[in-house]
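Participant: Residue numbers (our numbering): 22 to 285.
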Ligand SMILES: CC(C)(COP(=O)(O)OP(=O)(O)OC[C@H]1O[C@@H](n2cnc3c(N)ncnc32)[C@H](O)[C@@H]1OP(=O)(O)O)[C@@H](O)C(=O)NCCC(=O)NCCS
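Okay, structure coming up:
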């Protein structure tokens with residue numbers, strides 16, 4: 022791309038498309054994808070657009086991530102993690118009891134993969150596409166997503182972990198640890214594992230095992246006195262690998278079919 026090249030962009034909050042001119046250094050934009058991606062983020066900040074739906078032919082895929090730099094936007098999709106990433110780096114992986122062959126770890130989850138906390142920019146990296154392979158997600162808007170994300174981040178009790186394919190810039194797996202605060206057991210904390218799902222094209226690459234191992238170790242690091250989860254009978258053998266055992270207690274529920282919709 023050269024200085025003053027034109028791209029079609031769609032800006033946040035605006036229904037119609039607009040054309041933007043980018044004051045861009047030409048030669049450096051030609052190069053490997055990682056380089057292009059970095060510049061893509063610069064490009065967004067130049068224009069103030071939050072979302073690039075259609076880009077110059079230099080960007081072969083229709084949608085990269087989105088970062089909104091518009092002050093009046095009110096909707097910021099960015100790379101801010103939902104929890105402190107160093108928590109993952111500081112895990113004592115040597116105390117993991119589950120075998121990995123070939124060996125992978127939180128810092129090296131596999132070729133072209135990164136394991137990290139969720140951020141709002143993942144909305145446009147197929148986060149919901151992966152979740153929808155587990156259950157119904159509903160038609161969530163970026164506004165609903167950021168509002169829920171902010172709530173979870175502020176609470177400090179939601180550890181949503183994702184695996185990103187950095188070549189495709191797509192989320193390929195996710196799992197969540199929630200910490201629940203108690204008065205019992207001397208005001209203890211309990212962990213819950215939720216929404217463990219690996220994209221069907223990435224199953225069998227040990228990512229499910231990696232995610233559950235990571236969250237189990239994380240719950241220990243966060244000083245939970247126990248960690249629990251609910252799963253279908255077909256997944257019991259999977260969780261037994263990590264030391265989970267079926268409880269003698271019965272899981273009970275009462276569903277409210279018409280409630281629970283997100284109202285903005
Ligand atoms: C269950 C799921 C997360 C496993 O992820 P995955 O990345 O495919 O699994 P892995 O490659 O990490 O498999 C690890 C091990 O578990 C085994 N395994 C995988 N799924 C299993 C299952 N449902 N039951 C028993 N063992 C299973 C594998 O054979 C492998 O065994 P090994 O280590 O002895 O070779 C994945 O299949 C998935 O997303 N399923 C749909 C959503 C779902 O059911 N989530 C769980 C909600 S409780």
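Note that the Cβ used here is the ideal one computed from N, Cα and C, for glycine as well.
Keep in mind it's a predicted model, so treat the numbers as computed, not measured.
Under 7 Å Cβ to Cβ from residue 267, same chain only, skipping five residues before and after it: list those, please.
Facilitator: Same-chain partners within the cutoff: 257.
Participant: Cα separation between residue 79 and residue 162?
Facilitator: Because residue 79 carries a pLDDT of 31, less than 50, the predicted location of this residue cannot be relied on, and the following value inherits that uncertainty. One C-alpha to the other measures close to 28 Å.
Participant: Residues around ligand 1, please: the condition is that the C-beta lies closer than 5 Å to some non-hydrogen atom of it.
Facilitator: Ordered along the chain, the selected set is 155, 217, 218, 219, 224, 225, 227, 228, 229, 230, 252, 256, 258 and 259.
Participant: Residue 248 lies in the beta strand (DSSP E); which residues open and close that run?
Facilitator: Counting along the chain, the beta strand (DSSP E) containing residue 248 begins and ends at 247-249.
Participant: DSSP on residue 271, reduced to helix/strand/coil?
Facilitator: Three-state DSSP puts residue 271 in coil, outside helix and strand.
Participant: Go to residue 138, then tell me how far its beta strand (DSSP E) extends in each direction, as first and last residue.
Facilitator: Here the beta strand (DSSP E) through residue 138 covers 134-138.
Participant: Is the distance from the Cβ of residue 226 to the Cβ of residue 121 below 8 Å?
Facilitator: Cβ atoms of residue 226 and residue 121: not closer than 8 Å.
Participant: Give the single residue among 213, 243, 192 and 253 whose Cα lies nearest to the Cα of residue 112.
Facilitator: The option with the nearest alpha carbon to residue 112 is 243.
Participant: Tell me residue 331's beta-bridge partners as DSSP assigns them.
Facilitator: It is not possible to answer for residue 331, since the shown part of the chain is limited to 22 through 285.
Participant: How would you label residue 189, buried or exposed, when you count the other beta carbons within 10 angstroms and need 16 or more for buried?
Facilitator: Classification for residue 189: exposed.
Participant: Alpha helix (DSSP H) containing residue 164: first to last residue?
Facilitator: 163-176 is the span of the alpha helix (DSSP H), which, as asked, contains residue 164.
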